[in-house]
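**Student:** Counting from 1 along the sequence shown, just add 3 to a position and that's the residue number in our numbering.
Take this structure, written in structure tokens, and hold onto it; I'll ask about it next.
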Amino acid sequence: MKKIEDIDLTISIDKNKYKKELKKLQFQMLTIQQLLFKHKIGLVLVFEGMDAAGKGGAIKRLTQKIDPRGLNVHPISAPQPHEKRYHYLQRFWRKLPQHGQIGIFDRSWYGRVLVERIEGFATKNEWQRAYVEINSFEKILTDEQYILLKFWIHIDKDEQLKRFYERQNDPYKQWKLTEEDWRNREKFDDYIIAANEAFQKTDQQYAPWILVPGNNKYYARIKVLQETIAWVTQEFIRRGIALDVSNIE
């Protein structure tokens, strides 16, 4: 069973190696995108994690070299009033990428079993049954023309506090820090409990969770690219699509 406590947050890479690996992996990701388009397979990537864990930075590096015409990134926040008139998954159905395109969710339907659970926005019955609903939702997608991967990028409390202060003191990043971030920090341990339960109940072969150490931003960004390329390559092979990105520099 995947657990946050098993993540080695000491892993890091230096800046020079990061730059070299990043360039190579980004061009491999461009090749992945071209094959997704050719074979009309949609790629759905979910990003969850603690506030300031580096989700946005990882998404930026993942998508930096690919064609923006085949990409949609959805920053997910609290549902709007009109969205609350529907089943909570409805707003995510509407944001799925077309076959052959890439859709990225910066936070996702897992809000039902994370923030909505912890903050009391969902009843106990609602968030407990959500595990089955989410598994069914993801199985429907992956049984058809979609590949689905879910990333949890994790940082410890000390690193989070450091990044909060960096944002607070940077006029270009102050918008990223809100009172809600400070309030959520007080429930850091509650989020770990909820996340571990989500991994236990929704980590499926067809929609795996990938836990990424995030204390070192360089390592986290490279890891996300490596895992995406590896899993998509494996899925292409399973579907009989020839792909070899090992020689792409």
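Yeah, the Cβ is synthetic: ideal placement off N, Cα and C, and Gly gets one too.
(1) If I measure Cβ to Cβ from I14 and keep anything under 6 Å in the same chain, skipping five residues before and after, which residues do I get?
(2) Alpha carbons only, please: which of P82, Q93, K18, Y134 is nearest the one belonging to N199?
(3) Would you report the Cα separation of W96 and L144, rounded to the nearest angstrom?
(4) What whole-angstrom Cβ distance do V47 and L99 have, given they're in contact under 8 Å?
(5) Which residues share a DSSP beta bridge with I156?
(6) Please classify A210 as buried or exposed, where buried requires at least 16 neighbouring CB atoms within 10 angstroms.
(7) Please report the residue range of the beta strand (DSSP E) in which V76 lies.
(8) Could you compute how far the alpha carbon of I44 sits from the alpha carbon of Q104?
(9) When you compare the CB positions of I79 and S111, do they come within less than 7 Å of one another, or not?
(10) So for D11, helix, strand or coil by DSSP?
(11) Can you name the residues that DSSP bridges to G106?
(12) So, with DSSP's three-state summary, where would you put Y21?
(13) In chain order, what residues of the same chain have a beta carbon less than 7 Å from the beta carbon of R120, not counting five sequence neighbours either side?
(14) Three or more beta-carbon pairs under 8 Å between the segment 31-39 and the segment 180-195, yes or no?
(15) For the segment 226-239 and the segment 22-31, state whether three or more C-beta atom pairs, one from each stretch, are separated by less than 8 Å.
(16) Check whether chain D comes within 7 Å of F95, counting only Cβ atoms and requiring the distance to be less than that.
(17) Round the Cβ separation of F167 and D109 to the nearest angstrom and send it over; I've been treating them as touching at under 8 Å.
(18) Mind checking Q67: buried by the 16 CB within 10 Å criterion, or exposed?
(19) Using the rule of at least 16 other Cβ atoms within 10 Å of the residue's Cβ for burial, across every protein chain shown, is D173 buried or exposed?
(20) With distance defined between alpha-carbon atoms, name the residue in S139, A81, G57 nearest to K176.
(21) Between Q171 and the rest of its own chain, which residues show a CB-CB distance below 8 Å, the 5 nearest in sequence each way excluded?
(22) Can you tell which of D9, Q163, I107 has the C-alpha that lies nearest to the C-alpha of K153?
(23) What beta strand (DSSP E) runs, 3 residues minimum, are completely inside the segment 184-243?
(24) If I measure Cβ to Cβ from Q101 and keep anything under 7 Å in the same chain, skipping five residues before and after, which residues do I get?
(25) With DSSP collapsed to three states, give me the class of Y113.
(26) Determine which residues share a DSSP beta bridge with Y134 and list them.
**Tutor:** By the coordinates alone:
(1) Only P216, Y222 meet the Cβ criterion.
(2) Ranking the options by Cα distance to N199, first place goes to Y134.
(3) Going from the Cα of W96 to the Cα of L144 covers about 10 Å.
(4) That belief holds up - the Cβ atoms of V47 and L99 are roughly 7 Å apart, short of 8 Å.
(5) As computed with DSSP, I156 is found in a beta bridge with G52, V215.
(6) By the neighbour-count criterion, in which 16 or more other beta carbons inside 10 Å mark a residue as buried, A210 falls on the buried side.
(7) Run containing V76: 74-78, per the beta strand (DSSP E) assignment.
(8) Linking I44 to Q104 through their CA atoms gives a straight-line distance of about 7 Å.
(9) Going by C-beta atoms, I79 is nearer than 7 Å to S111.
(10) The three-state secondary structure of D11, taken from DSSP, is coil.
(11) G106 is bridged to V47, N75.
(12) Here Y21 sits in helix by DSSP.
(13) Excluding sequence positions up to five before and after R120, its CB lies within less than 7 Å of the CB of W130, A197, all in the same chain and listed in chain order.
(14) Because the criterion of three Cβ pairs below 8 Å is not met, the segment 31-39 and the segment 180-195 do not touch.
(15) Yes, since at least three Cβ pairs between the segment 226-239 and the segment 22-31 fall closer than 8 Å, the two stretches touch.
(16) Any reference to chain D falls outside this structure, which holds one protein chain only.
(17) About 18 Å; that fails the 8 Å criterion.
(18) It is exposed - the Cβ of Q67 has fewer than 16 other Cβ atoms within 10 Å.
(19) Classification of D173: exposed, given that the 10 Å Cβ count is below 16.
(20) Among S139, A81, G57, the Cα nearest to that of K176 belongs to G57.
(21) For Q171, where only same-chain residues beyond five positions count, the Cβ hits under 8 Å are Q177, L180.
(22) Nearest of D9, Q163, I107 to K153, Cα basis: I107.
(23) Complete beta strand (DSSP E) runs here, min 3: 212-216.
(24) Taken in chain order, the residues that qualify are G45.
(25) Residue state, collapsed to three classes: helix.
(26) Residue pairing by DSSP places Y134 in no beta bridge whatsoever.
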